Amino acid sequence: MVLPQDLITEILLRLPVKSLVRFKSVCKSWLFLISDPRFAKSHFELAAALADRILFIASSAPELRSIDFNASLHDDSASVAVTVDLPAPKPYFHFVEIIGSCRGFILLHCLSHLCVWNPTTGVHKVVPLSPIFFDKDAVFFTLLCGFGYDPSTDDYLVVHACYNPKHQANCAEIFSLRANAWKGIEGIHFLIPISYTQIYHWVV
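In full-length UniProt numbering, the protein residues as written are 1 to 204.
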């Protein structure tokens, strides 16, 4: 008996990410289905509606821990914090900082590097240093760093804003995960963003 494709899709959509990664090797049709960006979007939207998790760094260890927020409201045993493996080596745990999160991905700051990390699968990507860091004659002070998603381009973006005391000017740049490249933004006057319809905006 062969299951209809729609039913297979509905079943796979309800599986955890780690299982989907393994099931890519079952057959070519499953590989193409699970790798389809539309499937990934549907899987995220369904998972986001079912559960919320809280991530925090325990300074005493230090280590990253996770709690199922919804389950903890109904079951004391679910409130137990689960340790999550960080993508950084243990000697650098003391230097890890959570910058932001978006759609299941987390932006980490570890020493002088930024890292986009999926805690569910353990996959991470180190963000290359921006051109600003290679300018030996310039001195910049980072004022803010953010992480978000652009639905119009289906792309994840890292925003880095800094101040140049030599020229007494603000500067900002955006890193695109899709393009794997930094892009400068001119004319940033106010670095503090304004939230409108759950999207941050800057005055330029």
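Heads up, the beta-carbon is just placed ideally off N, CA and C, and yes, glycines get one too. Predicted, not measured: the structure shown is a model, and the values here were computed from it.
Rounded C-alpha distance that separates residue i from residue j
i      : j      : result
Leu73  : Ala169 : Any reading at Leu73 must be qualified, since the residue scores a pLDDT of 49, below 50, and its modelled position is unreliable; no value is offered.
His113 : Ala181 : 15 Å
Phe23  : His43  : 15 Å
Gly184 : Cys171 : 8 Å
Leu108 : Thr120 : 15 Å
Pro37  : Arg178 : 13 Å
Pro128 : Val96  : 17 Å
Asn164 : Ile98  : 25 Å
Leu3   : Glu45  : 24 Å
Arg14  : Thr153 : 26 Å
His201 : Ser35  : 32 Å
Cys27  : Ser130 : 40 Å
Gly146 : Ser25  : 35 Å
Val21  : Lys166 : 49 Å
Under the three-state DSSP convention, the category residue i falls into
i      : result
Val21  : helix
Ser101 : strand
Leu31  : helix
Lys125 : strand
Leu12  : helix
Glu173 : strand
Lys183 : strand
Asp154 : coil
Leu144 : strand
Option in the options with minimal Cα separation from residue i
i      : options                        : result
Glu186 : Leu177, Val159, Glu173         : Glu173
Cys102 : Ser29, Ser35, Gly148           : Gly148
Ala151 : His109, Ile132, Lys41          : Strictly speaking, residue 151 in this sequence is Pro, with Ala absent from that position. For Pro151, the nearest C-alpha among the options comes from Lys41.
Phe39  : His124, Glu10, Phe105, Cys27   : Glu10
His160 : Ser25, Phe175, Asp154          : Phe175
Pro16  : Leu111, Gln5, Asn118           : Asn118
Val158 : Glu45, Val123, Lys18, Gly100   : Gly100
Ser19  : Lys166, Ile132, Asn164, Gly122 : Gly122
Leu144 : Pro131, Cys162, Val127, Ile132 : Cys162
Gln5   : Ile106, Trp30, Lys166, Ser35   : Trp30
Asp155 : Ile132, Pro131, Phe105, Cys27  : Phe105
Supposed close pair residue i, residue j - CB separation, criterion 8 Å
i      : j      : result
Leu12  : Leu33  : 7 Å
Cys115 : Lys125 : 7 Å
Strand pairing of residue i, partner residues [DSSP]
i      : result
Val116 : Leu107, Lys125
Ala161 : Leu144, Ala172
Val2   : According to DSSP, which records beta bridges pairwise, Val2 is partnered with nothing at all.
Val26  : Val26 pairs with nothing; no bridge assigned.
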